[in-house]
Amino acid sequence: MSDSVARGHDDAPTSSAVRYHEKLVPSPGVWVLVALFGLACFAVGAPISIPVAILVAVVLAAGLGVLLWALAPVLEVTDESLQVGRAHIEREFVGEVEVFRGESARVAAGPEADGRAFMNFRPWVSPIARIQITDPADPTPYWLTNSRRPEELARALGADPLDGPAA
6 MSDSVARGHD
16 DAPTSSAVRY
26 HEKLVPSPGV
36 WVLVALFGLA
46 CFAVGAPISI
56 PVAILVAVVL
66 AAGLGVLLWA
76 LAPVLEVTDE
86 SLQVGRAHIE
96 REFVGEVEVF
106 RGESARVAAG
116 PEADGRAFMN
126 FRPWVSPIAR
136 IQITDPADPT
146 PYWLTNSRRP
156 EELARALGAD
166 PLDGPAA
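Numbering of the sequence shown is given in the numbering used here, commencing with residue 6 and proceeding in unit increments.
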């Protein structure tokens, strides 16, 4: 398979300097929902046993929080590679980068998206970067990923984020 196929993190080069790093952790609003989930678990169990309800609520809310944190994808650009979540590609196969915000991000990720693209979306992050893949052996035309700092990601990849259609 091609270079942009998802590989484990252990396959990524480790000797290169990191130019950009971002972990797409949940937003504060999601953490409020996790706390409300814990409160709801307590409310369900409280009529049976307060100590058990507290224990169950804490364990379930903490478990959900750890799961959300652990499964948050990482965006990392080094001198030699790009990692977006589970996918990894050498920098020589990375082309233009476009940044989308607001309505243009919704359109780029929805109606205009190519079904062959690698997509890394998280509902708590709105801006999107579209990263062209130039590997002739790879059928993936581009990667679409959320990023809280898409202009900085584009600059780390050597692109001018103002050149995108909706920067």
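The beta carbon of each residue, even a glycine, is placed where N, CA and C say it ideally should be. As the structure is a computational prediction, the values presented were derived from the model and not from experiment.
Practice prompt. Leaving out five residues on either side along the sequence, give the residues of the same chain with a beta carbon under 6 Å from the beta carbon of residue 130.
Written response: 29, 151, 153
Worksheet item: Which full runs of the beta strand (DSSP E) of 3+ residues lie inside the segment 81-117, going along the chain?
Response: 86-89, 92-95, 99-105
Worksheet item: Within the chosen definition, does the segment 87-99 reach the segment 127-142 through at least 3 CB pairs nearer than 8 Å?
Response: yes
Discussion item. Comparing C-alpha positions only, which one of 65, 120, 115 sits nearest to residue 180?
Written reply: Residue 180 lies beyond the residue range present for the chain, which begins at 6 and ends at 172; the question has no answer from this structure.
Discussion item. Report the start-end ranges of each beta strand (DSSP E) in the segment 39-82 that is 3 residues or longer and not cut off at the edges.
Written reply: DSSP runs (the beta strand (DSSP E)) wholly in the segment 39-82: none.
Worksheet item: Hey, which unbroken runs of the alpha helix (DSSP H) at 4 residues or more fall wholly within the segment 115-150?
Response: If we require 4 residues or more, the segment 115-150 turns out to have no alpha helix (DSSP H) run fully inside it.
Fill in: Under the three-state DSSP convention, the category residue 23 falls into
strand
Item to complete: State the Cα-Cα distance for the pair residue 122 and residue 63, rounded to the nearest angstrom.
Response: When the Cα atoms are used, residue 122 and residue 63 turn out to be separated by approximately 39 Å.
Practice prompt. Ignore the nearest five residues each way along the sequence and tell me which others in residue 70's own chain have a CB closer than 8 Å to its CB.
Written response: 36, 39
Item to complete: Could you check which residue in 157, 120, 83, 105 has the C-alpha nearest to that of residue 146?
Response: 120
Worksheet item: Buried or exposed: residue 54, going by 16 or more other Cβ atoms within 10 Å of its Cβ?
Response: exposed
Practice prompt. Along the alpha helix (DSSP H) that carries residue 158, what are the first and last residues, could you check?
Written response: Counting along the chain, the alpha helix (DSSP H) containing residue 158 begins and ends at 155-161.
Fill in: Candidates 157, 148, 24, 155, of which the one nearest residue 84 by Cα
Here the closest residue by C-alpha is 24.
Worksheet item: Among 126, 160, 106, which has the Cα closest to the Cα of residue 91?
Response: Checking every option, the nearest Cα to that of residue 91 belongs to 126.
Worksheet item: On the premise that residue 82 lies in contact with residue 161, defined as a C-beta separation below 8 Å, what is that separation, rounded to the nearest angstrom?
Response: Contact annotation, residue 161 with residue 82: C-beta distance approximately 4 Å; criterion of less than 8 Å satisfied.
Fill in: Straight-line gap, residue 59 to residue 52 (C-alpha atoms, nearest Å)
Distance between the alpha carbons of residue 59 and residue 52: 11 Å.
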